[in-house]
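Going letter by letter, the sequence shown gives residues 1 to 269 in UniProt numbering. Heads up, the beta-carbon is just placed ideally off N, CA and C, and yes, glycines get one too. None of these values were measured; they are calculated from a predicted model.
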Amino acid sequence: ALLGKEEEANTIISFFTQHNDQYKKKVEAGEATPKTYSRYELTKLRLTDFLKDEYRVSDLPIRQINKVFIENFYLYIIKNHDCSPNTAMKFIQRFRTVVNFAQGTGLITADPFANYKLKFEYIERGYLDKDEISRICNKDFASKRLEQVRDIFIFSCYTGLSYVDICELTSNDIRLAFDDNLWIIKKRHKTKVTSNIRLLDIPKAILNKYEGKLKNGQLLPVISNQKMNDYLKEIAVLCGIDKNITFHLARHSDFSFLLRYNVLQYISA
């Protein structure tokens with residue numbers, strides 16, 4: 001059936017478009033990240049596909065969303081896009097944000113998520129101990145790419161910087177402080193809080209290794225996070241470490257734990 005003019009304006013995808021257009025302006029103003037914007041766009045795409053595949057329509061009035069609709073969308077993502085329950089629930093979380101946005105316009109009043117509870121499965125994080133980090137640090141690799149990935153991973157272990165923070169690291173972030181030590185003084189990408197991280201000998205040596213050898217002012221030879229994680233799996237095998245090593249794990253190592261408690265170096269964040 002054709003939608004009336006009012007219902008046509010108050011549809012799921014139309015509100016998603018409005019929300020994402022506004023979010024894009026936040027990105028342009030530096031108030032939000034392009035990565036999060038792309039996730040909202042992907043959620044809109046998944047929802048559009050869901051409507052076409054399950055309802056044979058391109059859009060629906062937002063008033064037709066209910067608990068069953070939400071649960072079916074969640075199951076659709078898991079089944080059709082090979083997502084884990086937690087990843088699928090992230091899509092639902094972003095969907096709820098857009099519904100809240102729609103409510104904020106005053107054009108709808110009912111909350112379809114009122115009786116729906118977001119549920120995330122607890123996943124125990126792995127971590128690397130000092131012996132495992134030492135094995136990675138001291139391993140000689142025949143592949144230059146593995147050596148570079150190892151260097152960046154170890155740099156993260158010793159500084160606590162995330163992948164995106166390392167990507168954004170420039171020479172302007174490294175300063176000689178009053179104590180005559182080099183410090184990384186940088187606003188973190190995720191929290192927007194400035195961190196002060198003293199450079200120890202190992203991360204300092206890693207920076208020196210690549211100084212003046214990279215393009216576009218890069219301090220480290222960073223590649224995509226996905227490729228980095230692929231190479232880290234190879235590194236784990238070569239170092240005899242039976243763990244699923246990802247770049248994120250660098251910040252859950254013994255060293256990174258000690259950093260947060262001011263044992264290895266003084267750090268404020």
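Is L107 helix, strand or coil when you go by DSSP?
-> coil
Would you check if the distance between the CB atom of I78 and the CB atom of S84 is smaller than 9 angstroms?
-> yes
Whether L199 touches L214 by CB criterion (9 angstroms) = no
With Y144 as the anchor, note down where its alpha helix (DSSP H) starts and where it stops.
-> Sequence inspection shows Lys at residue 144; the Tyr mentioned does not correspond to that position. Taken as a continuous stretch (DSSP letters only), the alpha helix (DSSP H) holding K144 covers K144 to T159.
Determine the direct distance from the alpha carbon of D180 to that of Y122, and round the result to whole angstroms.
-> 44 angstroms
Identified DSSP bridge partners for P61 | T11
By Cβ distance, which residues of its chain are closer than 6 angstroms to R145, with the 5 residues on each side in sequence left out?
-> none
Please name the residue or residues paired with K186 in a DSSP beta bridge.
-> S195
Selection from C239, Y127, G30 and M89 that minimises the alpha carbon distance to I136 | C239
In terms of alpha-carbon separation, which member of E41, A29 and L207 lies closest to H19?
-> E41
Simplified DSSP state of L176, which is helix, strand or coil | strand
Is the beta carbon of Q93 within less than 8 angstroms of some heavy atom of the ligand NAD?
-> Absent from the structure shown: the ligand NAD. Ligands present: none.
When you compare only the Cα positions, how much space is there between Y163 and N225?
-> 7 angstroms
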